[in-house]
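These protein sequence lines are chains P and F, in that order. If you want the numbering used here, it's the position in the first sequence, counting the first as 1, plus 103. If you want the numbering used here, it's the position in the second sequence, counting the first as 1, plus 6. Notes follow the structure.
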Amino acid sequence: MVRSAGKNELLPGTLEMLVLQTLKNGRRHGYGIAQRIQEISDDVLQVEEGSLYPALQRLLVKGLVKAEWGTSENNRRARYYTLTPAGRKELGTEAENFDRVVAAIARVMRTA
Amino acid sequence: MSFLGQAWRRFMFLLRRGQMDRDLAEELRQHAALKAQKNVASGMDPDEAHYAAQRQIGNVTRMMEESRQSWGFPALERVWQDIRYGLRGLRKSPGFTTVAMLTLALGIGASTAIFSIVNTVLLRPLPYKDSSRLVHVWTVSSMFPEFTLGQSIPNLQDIEARSHSFETLATYEVRARNLIGNGEPEQLRTAEVSSSFLALFGVHPVVGRDFRSEDEQRKDGDVVLLSYGLWQRRFGGDGSIVGKAIMLDQKPWTVAGVLPSGFSFPGNIDALVPREIPPGNLRERQAWLYITLGKLRPGVPFAMAQSEMNGIAAALAHQYPQDDGSIQFPLVTLQDAATRNGKPQLLALLGAVGFLLLIACANVSNLVLSRGLQRQREIAVRTALGASRRRILHQLLIESLLLAMAGGAAGAVLAIAGVRLFRALAPAGFPRIEELHTEPVTLLIALIVSALAGILCGLAPALTITRAHLNLSIRDTSAASSAPAHLFSLRSFLVVAEVALALILLTGSALMAQSMMRLLRADTGLTTDHLLTGELTLPKALYDSKDSQHLFLERLLQALQTQAQFSGAVLTNTPLLTGSVTVTSFDPAVLGSSEKKTTLEIRSVTPDYFLMLGIRVQQGRIFNERDTTGALSVALINEAMARRFFPGEDPLGKPLKFDDDDKTPSQIVGVVADTRDSGLNAPPRLQAYFPILQNPSERVHILVRSSVDPAAAIAGLQRAVWSVDKNLPLSKTRTMGEVISESVAEPRFRTWLLSIFAIAGLTLTLIGIYGVISYSVRQRTREMGIRIALGAQSGSLLGLVLRQAVVLALTGAVAGIIGSLLLMRLLASQLFEIKPGDPVTLIGASLLMMIVALAASWLPARRATRVDPMIALRDE
């Protein structure tokens with residue numbers, strides 16, 4: 104589950120999209136992904152490990168990411184995730200959908 | 007992200023799941039380490055930082071569990087897990103498993119056996135090419151109400167010319183013929199067929215050739231096709247028989263070919279010969295002798311063909327009103343015609359096994375429920391650990407499916423044995439019995455029935471058990487606590503349903519049994535003890551005139567009467583008590599009556615017939631030796647005929663003819679009592695008797711009374727026939743007792759089967775009631791203990807428990823009686839002289855049910871009275 108700081112749940116499927124987005128510019132390990140999301144969102148979005156790892160497994164099964172063991176900056180063994188071409192394509196679609204939904208919500212919030 | 011690609015990855019992950027697991031665990035460890043590092047960086051003590059990281063990550067096991075679910079096939083894995091868990095559970099309670107399995111095996115076995123018989127006999131297409139397009143084209147005429155007739159040649163030719171529905175039409179007539187040479191003479195069942203007959207069935211001879219149309223004109227002389235069975239039995243399967251002659255009815259017939267094995271239409275035929283239509287029949291529209299089959303053109307629906315035939319019948323009725331102004335040509339599919347005999351009884355049996363299966367399921371349902379209640383705590387614990395209700399429901403259903411499959415496997419064995427037994431014991435002439443084999447479809451049916459039974463007996467208990475209150479179950483430490491009320495009501499419902507179903511089964515079989523007994527005791531009006539019978543057919547070639555037939559009959563009677571072992575001997579043209587009758591169309595107008603045309607049963611006999619069979623003479627005289635050719639034609643009528651057409655008059659001396667065209671009226675010389683001479687369940691018809699010597703016939707039935715051993719008497723009978731004509735085979739030699747026994751073979755078989763099912767149902771119900779009552783006694787142990795401690799007498803405790811059983815049984819009995827009243831009407835056509843709603847039967851069956859209920863609850867009730875109050879109370 105991704106929670107915003109106010110403990111409100113996000114739309115389902117959003118976490119997977121966020122994960123894909125963080126991998127857009129290169130490989131990251133699980134901890135790095137969680138950190139990156141938290142960082143960019145200015146601590147608004149906190150990723151729980153209990154949601155992150157099952158989500159990564161799902162992405163693996165769907166063939167959207169690949170995983171391989173490597174060595175981290177401080178010489179630790181770490182499992183790095185990379186986008187596959189299918190993952191890149193999926194990210195494009197999801198981002199587009201997301202923009203549409205956000206724009207729609209914004210319109211509703213402005214007028215209703 | 008194709009579906010296939012994903013499935014492939016899942017499969018690969020499944021294979022590498024150990025590696026995946028290790029990777030994930032390692033990854034999480036690294037994650038925790040990184041987190042701890044960060045905590046240290048923000049100023050925490052290293053130990054504390056480590057624990058904080060663990061805390062933040064949370065339940066690692068659960069996370070692994072959730073991650074694993076995205077690999078592989080979680081649904082399948084769950085099923086596999088449930089199956090293993092279920093098997094372990096079943097192994098742990100062998101008593102429960104055995105009883106439930108055997109109960110299901112009984113229900114599944116019986117219903118699978120009967121259903122696969124129904125499938126073979128009623129549902130499977132007949133074993134002919136395009137058999138669904140084969141139909142009988144019958145004639146129904148106002149001259150023979152209640153009979154279906156063949157076609158006359160002129161009508162058939164008109165149908166061929168005017169109809170567009172048929173690809174082929176063919177006719178046949180069955181006739182007995184005598185085969186001589188190559189051993190003892192033998193009576194064969196032959197059919198005279200049109201040359202299109204085999205083509206209609208899509209059958210070709212295995213050796214030799216089919217009939218050609220010239221064969222009907224006897225271009226190549228007389229030719230014959232042998233059945234495969236006859237070919238093997240009489241001619242050793244010798245292929246060189248084709249082209250050789252065999253002696254049939256004292257004439258040589260050239261063998262044209264041999265029919266394939268398995269083809270024996272119509273009804274176990276021994277040989278086929280081309281039809282030979284007497285010139286007279288070519289023009290006679292009323293000679294409805296040729297049983298006609300049609301093969302519908304592809305795509306022509308049955309209803310369309312029937313409406314075309316209705317049109318042709320109407321046109322012919324209009325065109326030839328003097329022949330029959332109301333003729334009809336009903337079509338009946340060959341499938342319906344072939345299975346008509348077995349249908350009502352098979353459907354009754356199917357209903358019975360369906361009920362038996364339901365009873366078995368109700369019983370197992372109750373067992374599963376009791377077991378579930380004992381497992382309440384286990385289930386509560388699993389729920390507390392996070393198993394959803396759906397998951398537990400799933401698991402309980404898998405368990406009952408496992409039980410049903412095990413029962414089904416045993417049931418399949420039972421069904422295979424049952425089908426074999428059915429085949430061995432079925433009465434002669436049961437339709438398509440020779441096609442009954444154990445086949446893969448039996449196993450498939452067993453599988454389907456098992457799956458249904460598994461769901462049926464597992465669903466209700468599973469729903470009930472998972473609905474029970476969670477906290478209540480955990481908190482309760484005492485197994486003697488009372489179950490929530492709704493659990494009890496499901497159990498009661500199941501028992502009530504069992505009692506009702508068993509009662510319906512019981513009523514059905516009791517009705518059948520009584521009908522059977524009444525049938526056997528039916529007064530035929532005939533004295534049949536120590537009677538032997540045999541049949542022979544005089545070949546036309548040798549006995550071509552009435553004179554030659556007359557001579558034969560006189561000699562035969564003499565030969566029989568000179569044998570000392572026979573105290574009496576008579577001849578007649580129609581067998582007794584086999585269901586066959588000889589009838590003629592009768593126009594009551596000739597007697598000055600205004601009634602519609604009807605059918606009259608006619609029988610030719612020798613003078614001693616009435617005396618020997620004990621038929622009372624009511625008026626006038628019976629026949630004597632002087633009533634022979636040349637003398638005045640005489641007739642006897644039965645009481646029914648006298649009552650109907652000569653009310654308040656003296657019929658003696660009146661002329662009897664069949665219609666206005668009848669130029670040779672007979673004088674009525676006497677009136678005899680009514681008999682049921684065609685069958686035990688056939689009500690007496692209008693009947694007239696004629697002296698056989700004035701009306702010789704080629705079919706002769708011999709009846710002799712003898713007190714010697716039947717086998718010896720039959721040998722004597724055969725000797726007497728051979729002393730007159732050494733080439734005449736005597737067939738169907740039996741004692742009259744055997745004839746009667748055969749005539750009730752079908753109802754007897756049906757009664758036996760139904761009774762077996764009813765007894766099985768009753769036994770299961772007994773077990774069911776026992777189970778419920780003893781369970782309830784166990785639940786109320788504490789209550790019983792308190793009652794005893796307060797001074798209750800054992801009699802009153804006994805009453806308390808028995809009352810509960812009586813209430814259940816009574817409720818079930820009322821439902822069963824209502825069900826019986828509704829359902830037994832369906833049996834009406836199979837019952838003889840007993841009403842479907844016979845009150846004595848209903849009350850008797852209900853009483854038996856009550857006794858069974860009381861017997862079943864007696865043991866648990868006794869147990870209740872022996873509860874030791876100290877132990878019961880300490881049980882808490």
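Backbone N, C-alpha and C define an ideal beta-carbon position, used for all residues, glycine too.
{"Check": "Exposed unless 16 or more other CB atoms sit within 10 angstroms - verdict on residue 376 (chain F)", "Outcome": "buried"}
{"Check": "Cβ neighbour criterion (16 or more within 10 Å) applied to residue 546 (chain F)", "Outcome": "exposed"}
{"Check": "Proximal residues of chain F, C-beta to C-beta of residue 198 (chain P) below 7 Å", "Outcome": "Chain F residues near residue 198 (chain P): none, gap ~16 Å exceeds 7 Å."}
{"Check": "Interface residues of chain F facing residue 166 (chain P) [CB-CB closer than 8 Å]", "Outcome": "7, 11, 12, 15"}
{"Check": "Assigned exposure category for residue 126 (chain F) - 16 Cβ within 10 Å defines buried", "Outcome": "buried"}
{"Check": "Simplified DSSP assignment, three categories, for residue 151 (chain F)", "Outcome": "coil"}
{"Check": "Bridge-paired residues (DSSP) for residue 252 (chain F)", "Outcome": "F:259"}
{"Check": "Status (buried if at least 16 other CB within 10 Å, exposed otherwise) for residue 707 (chain F)", "Outcome": "buried"}
{"Check": "N-terminal and C-terminal residue of the beta strand (DSSP E) that residue 624 (chain F) is part of", "Outcome": "623-626"}
{"Check": "Start-to-end residues for the beta strand (DSSP E) that takes in residue 327 (chain F)", "Outcome": "Not the beta strand (DSSP E): residue 327 (chain F) falls in the alpha helix (DSSP H), residues 327-330."}
{"Check": "Local Cβ density within 10 Å of residue 127 (chain P), reported as buried at 16 or more and exposed below that", "Outcome": "exposed"}
{"Check": "Counted within 10 angstroms of its Cβ, other Cβ atoms place residue 592 (chain F) as buried (16 or more) or exposed", "Outcome": "buried"}
{"Check": "Beta-carbon spacing of residue 2 (chain F), residue 530 (chain F) below 8 Å", "Outcome": "With chain F running from 7 to 882 in the structure shown, residue 2 (chain F) is simply not present."}
{"Check": "Per-residue burial, residue 142 (chain P) [other beta carbons within 10 Å of its own, 16 or more giving buried]", "Outcome": "exposed"}
{"Check": "Residue 798 (chain F) - DSSP class collapsed to helix/strand/coil", "Outcome": "coil"}
{"Check": "Contacts around residue 124 (chain F), its chain only, beta-carbon distance under 7 Å, and the 5 residues preceding and following it disregarded", "Outcome": "352, 356"}
{"Check": "Cβ-Cβ separation, residue 790 (chain F) to residue 870 (chain F) (assumed contact under 8 Å), whole Å", "Outcome": "5 Å"}
{"Check": "Partners in chain P for residue 351 (chain F), counting only beta-carbon separations shorter than 7 Å", "Outcome": "Simply none; closest approach about 59 Å."}
{"Check": "Sequence-distant residues of the same chain with beta carbon closer than 6 Å to residue 403 (chain F), five excluded per side", "Outcome": "464, 468"}
{"Check": "Simplified DSSP state of residue 172 (chain P), which is helix, strand or coil", "Outcome": "strand"}
{"Check": "Where residue 503 (chain F) sits in the DSSP three-state scheme", "Outcome": "helix"}
{"Check": "Residue 488 (chain F) in three-state terms, based on DSSP", "Outcome": "In this prediction, residue 488 (chain F) has a pLDDT of 45, which is less than 50 and means its spatial position is unreliable; what the coordinates show is noted afterwards. Three-state result, residue 488 (chain F): coil."}
{"Check": "Per-residue DSSP class, three states only, for residue 128 (chain P)", "Outcome": "coil"}
{"Check": "Cβ-based contacts, 7 Å cut-off: residues of the region 865-877 of chain F near chain P", "Outcome": "none"}
{"Check": "Residue-level contact to chain P via CB, residue 25 (chain F), 8 Å cutoff", "Outcome": "no"}
{"Check": "DSSP-derived helix/strand/coil call for residue 109 (chain P)", "Outcome": "Reliability fails at residue 109 (chain P), whose pLDDT of 45 lies under 50, so the model's placement of it is uncertain and the value that follows must be treated cautiously. Coil, per DSSP."}
{"Check": "Neighbourhood of residue 291 (chain F) by C-beta distance below 7 Å, restricted to the same chain and skipping five residues each side", "Outcome": "158, 160, 161, 326, 329"}
{"Check": "Contact with chain P by residue 45 (chain F), beta-carbon distance below 8 Å", "Outcome": "no"}
{"Check": "Inter-residue spacing [alpha-carbon to alpha-carbon] between residue 839 (chain F) and residue 758 (chain F)", "Outcome": "19 Å"}
{"Check": "Status (buried if at least 16 other CB within 10 Å, exposed otherwise) for residue 255 (chain F)", "Outcome": "buried"}
{"Check": "Assumed close pair residue 37 (chain F), residue 166 (chain P) - CB separation to whole angstroms, cut-off 8 Å", "Outcome": "Wrong, their Cβ atoms sit about 23 Å apart, outside the cutoff."}
{"Check": "Contact set between residue 88 (chain F) and chain P, taken where Cβ atoms lie within less than 7 Å", "Outcome": "Those within 7 Å of residue 88 (chain F) in chain P number zero; the least Cβ separation is about 23 Å."}
{"Check": "Check whether residue 662 (chain F) and residue 671 (chain F) have beta carbons under 8 Å apart", "Outcome": "yes"}
{"Check": "Closer than 8 Å to chain P by CB, residue 780 (chain F)", "Outcome": "no"}
{"Check": "Whole-Å CB distance - residue 406 (chain F) paired with residue 460 (chain F), under 8 Å assumed", "Outcome": "5 Å"}
{"Check": "DSSP-derived helix/strand/coil call for residue 705 (chain F)", "Outcome": "strand"}
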